[in-house]
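Enquirer: Handing you a structure now.
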Amino acid sequence: MLADGLPRVRAGFRPGPGTRRGDQRHVRRSRREAADLDQARVELANAEQQLQQSQSQFRLQAASLKTRLNLAESDSITLAPSIMVNPVPIDVEQATQFALQLTPRLRQLGIQYRQNELQLDQTEGRNSFRMNLEFSYGRERQDPRFQSIWGSPTNTYSIDVSAYIPIWDGGERSSRVASSRIRLDQTRLRIEQAETQIVSNVANEIRNIDEFQTRALSMEENLQLASDLSASSLALYREGTATILDVLQSFRREVDTADNLLDAYLGWRRALLRIQRLTYFDFELGLPVLERFGVSQFSTDTD
Numbered sequence: 065m066l067a068d069g070l071p072r073v074r075a076g077f078r079p080g081p082g083t084r085r086g087d088q089r090h091v092r093r094s095r096r097e098a099a100d101l102d103q104a105r106v107e108l109a110n111a112e113q114q115l116q117q118s119q120s121q122f123r124l125q126a127a128s129l130k131t132r133l134n135l136a137e138s139d140s141i142t143l144a145p146s147i148m149v150n151p152v153p154i155d156v157e158q159a160t161q162f163a164l165q166l167t168p169r170l171r172q173l174g175i176q177y178r179q180n181e182l183q184l185d186q187t188e189g190r191n192s193f194r195m196n197l198e199f200s201y202g203r204e205r206q207d208p209r210f211q212s213i214w215g216s217p218t219n220t221y222s223i224d225v226s227a228y229i230p231i232w233d234g235g236e237r238s239s240r241v242a243s244s245r246i247r248l249d250q251t252r253l254r255i256e257q258a259e260t261q262i263v264s265n266v267a268n269e270i271r272n273i274d275e276f277q278t279r280a281l282s283m284e285e286n287l288q289l290a291s292d293l294s295a296s297s298l299a300l301y302r303e304g305t306a307t308i309l310d311v312l313q314s315f316r317r318e319v320d321t322a323d324n325l326l327d328a329y330l331g332w333r334r335a336l337l338r339i340q341r342l343t344y345f346d347f348e349l350g351l352p353v354l355e356r357f358g359v360s361q362f363s364t365d366t367d
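Its first residue numbered 65, the sequence shown is counted upward by one per residue in this note's numbering.
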């Protein structure tokens with residue numbers, strides 16, 4: 065009897081068209097979820113590989129930095145993972161004055177210019193007309209006995225005049241004077257060239273600081289928007305209204321935005337370091353660089 069009833073039971077549970085379509089949808093969903101899982105694993109493996117590569121590069125650069133700074137191997141070098149862009153206002157005229165006043169190169173050129181001026185004066189005075197006029201006054205006494213030498217002294221006066229008049233030196237003096245003047249003019253030109261270059265470099269660096277600073281502040285806002293979009297895409301994927309490609313693309317956009325923020329931030333920091341080297345002034349702290357390290361004190365007007 066049981067064997068006779070099996071065909072009837074099987075015939076009674078024969079799947080209909082709706083059941084087959086539901087199974088097909090379930091199969092497609094399972095396949096899609098499996099493909100999404102594989103793609104997520106691939107992206108995760110790539111991210112882990114990039115992380116390991118970044119950590120390896122950081123170790124190499126940290127070791128190189130320890131060697132350059134003569135640090136011990138036990139010393140550790142850490143980086144703050146957060147990026148903060150605090151705007152630094154810099155006035156072009158003030159920065160230019162700092163550069164012209166605090167730059168050792170201009171000071172050295174100024175000393176050289178003064179030395180050339182003194183050398184020119186000495187050269188012009190050599191082998192030229194000169195006259196020496198000497199006056200002398202004294203009191204003298206002659207006595208065979210030393211004890212009476214101070215008694216009844218007599219006054220003595222003398223006038224000496226000597227003059228030097230060059231007649232002909234074959235043009236030696238004029239050539240030396242011309243050579244000294246040329247050196248003086250060369251030093252003056254080097255000073256003017258250095259000042260022009262400093263003014264141009266300071267203006268360009270301040271322009272770079274403003275551009276990188278604006279970019280970094282803008283990228284901070286964009287990164288927050290990209291992070292919100294990634295969270296929204298992930299929520300939509302959990303609801304089943306977004307694909308894994310949408311989620312991965314949102315994550316990639318967030319990573320690209322973070323990279324752009326890092327590039328803008330590094331460019332901004334490098335520009336600040338360059339303006340410090342040009343002006344020898346730390347605009348973030350508001351004091352000269354050498355004074356910050358206690359090397360020297362400058363009485364520079366910062367108003």
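Ideal Cβ positions, reconstructed from N, Cα and C, are used throughout, including at glycine.
Just so it is clear, the structure is predicted and the values come from calculations on it, not from any experiment.
If I measure Cβ to Cβ from I448 and keep anything under 6 angstroms in the same chain, skipping five residues before and after, which residues do I get?
Expert: It is not possible to answer for residue 448, since the shown part of the chain is limited to 65 through 367.
Enquirer: Is Q114 buried or exposed, if buried means 16 or more other CB atoms sit within 10 Å of its CB?
Expert: Classification of Q114: exposed, given that the 10 Å Cβ count is below 16.
Enquirer: Could you check the C-alpha separation between Q117 and I262 for me, to the nearest Å?
Expert: When rounded, the distance between both Cα atoms is 40 angstroms.
Enquirer: Which word fits E269, buried or exposed, when buried means at least 16 other C-beta atoms lie within 10 angstroms of its C-beta?
Expert: Buried is the call here.
Enquirer: In terms of alpha-carbon separation, which member of L197, L164 and A99 lies closest to Q340?
Expert: With distances taken between Cα atoms, Q340 lies closest to L164.
Enquirer: Of all the beta strand (DSSP E) runs that stay within the bounds of the region 217 to 251, which reach a length of 3 or more residues?
Expert: Taking only runs of at least 3 residues, the beta strand (DSSP E) segments lying wholly in the region 217 to 251 are 218 to 228.
Enquirer: With 16 as the cutoff for other CB atoms within 10 Å, does M283 come out buried or exposed?
Expert: M283 is buried by the Cβ-count criterion.
Enquirer: For the putative contact between L173 and I255, defined by C-beta atoms under 8 angstroms, what is the C-beta separation to the nearest angstrom?
Expert: So it is a contact: roughly 5 angstroms between Cβ atoms.
Enquirer: Assign R194 to one of three DSSP states: helix, strand, or coil.
Expert: R194: strand per DSSP, three-state reduction.
Enquirer: Please return the same chain residues whose Cβ sits closer than 7 angstroms to the Cβ of A322, not counting the five positions on each side in sequence.
Expert: Closer than 7 angstroms at the Cβ level, and outside the excluded window around A322, lie L287.
Enquirer: In its own chain, which residues sit with a C-beta less than 7 angstroms from the C-beta of E107, not counting the 5 before and 5 after it?
Expert: Result list for E107: L312, in chain order.
Enquirer: Which residues in the same chain have their Cβ closer than 7 angstroms to the Cβ of L129, if we skip the five residues on either side of it in sequence?
Expert: Taken in chain order, the residues that qualify are I141.
Enquirer: Which residues in the same chain as R48 place their Cβ atom closer than 6 angstroms to its Cβ, once the five residues preceding and following it in sequence are excluded?
Expert: Outside the displayed range of the chain (65 to 367) lies residue 48, so it cannot be described from this structure.
Enquirer: Hey, could you find the ends of the alpha helix (DSSP H) R154 is sitting in?
Expert: Going by the sequence as given, residue 154 is Ile instead of Arg. Counting along the chain, I154 falls outside any alpha helix (DSSP H), and DSSP gives it neither H nor E.
Enquirer: Please classify F345: does DSSP put it in a helix, a strand, or coil?
Expert: Looking at F345 - three-state DSSP - the assignment turns out to be strand.
Enquirer: Roughly how many angstroms lie between the CA atoms of F122 and L143, to the nearest whole one?
Expert: So the alpha carbons of these two residues sit roughly 10 angstroms apart.
Enquirer: Contact between the region 227 to 238 and the region 182 to 196 is defined here as three or more beta-carbon pairs at a separation below 8 angstroms; is this criterion met?
Expert: They touch, by the three-pair rule.
Enquirer: Please determine, among S244, L170, G331 and A242, the residue with the shortest C-alpha to C-alpha distance to T260.
Expert: The residue with the shortest Cα to Cα distance from T260 is L170.
Enquirer: How is the alpha helix (DSSP H) around D139 delimited, first residue to last?
Expert: Note, D139: premise wrong, no alpha helix (DSSP H); not H, not E.
Enquirer: So, using beta-carbon positions, are L184 and S244 closer together than 8 angstroms?
Expert: Their beta carbons are under 8 angstroms apart, which means L184 touches S244 by this criterion.
Enquirer: CA-CA distance, A159 and R105?
Expert: C-alpha separation (whole angstroms): 53 angstroms.
Enquirer: Would the beta-carbon of V35 fall within 8 angstroms of that of V266?
Expert: Lying outside 65 to 367, the shown extent of the chain, residue 35 is not represented and no answer is given.
Enquirer: Is it true that the CB of Q176 sits closer than 8 angstroms to the CB of T438?
Expert: Since the first residue shown for the chain is 65 and the last is 367, residue 438 is missing from the structure and cannot be characterised.
Enquirer: Taking all protein chains shown into account, do 16 or more other C-beta atoms lie within 10 angstroms of the C-beta of F347, making it buried, or fewer, making it exposed?
Expert: F347 is buried by the Cβ-count criterion.
Enquirer: Enumerate in chain order the residues of its own chain whose CB-to-CB distance from R356 is below 8 angstroms, with the five nearest sequence positions on each side excluded.
Expert: Excluding sequence neighbours, R356 sits near D346 and L349.
Enquirer: Please say whether Q119 and I308 have beta carbons closer to each other than 8 angstroms?
Expert: Contact flag unset, no.
Enquirer: Flag this pair as yes or no: are the beta carbons of E188 and L248 separated by less than 8 angstroms?
Expert: Against a cut-off of 8 angstroms, the Cβ pair of L248 and E188 comes out as no contact.
Enquirer: Should F162 and T305 be called a contact, given that it needs their Cβ atoms to be closer than 8 angstroms?
Expert: Cβ distance not < 8 angstroms, so F162 and T305 don't count as in contact.
Enquirer: Output needed for W332: all residues of its chain with C-beta closer than 6 angstroms, excluding positions within five of it in sequence on either side, in chain order.
Expert: Closer than 6 angstroms at the Cβ level, and outside the excluded window around W332, lie F276, Q277 and A280.
Enquirer: State the DSSP-derived secondary structure class of S200, mapped to helix, strand or coil.
Expert: Three-state DSSP puts S200 in a strand.
Enquirer: What does the alpha-carbon distance come out to for the pair L135 and A126?
Expert: Spanning the two alpha carbons is a distance of roughly 10 angstroms.
Enquirer: Would I223 be called buried (16 or more neighbouring beta carbons within 10 Å of its own) or exposed?
Expert: With fewer than 16 Cβ atoms within 10 Å of its Cβ, I223 is classed as exposed.
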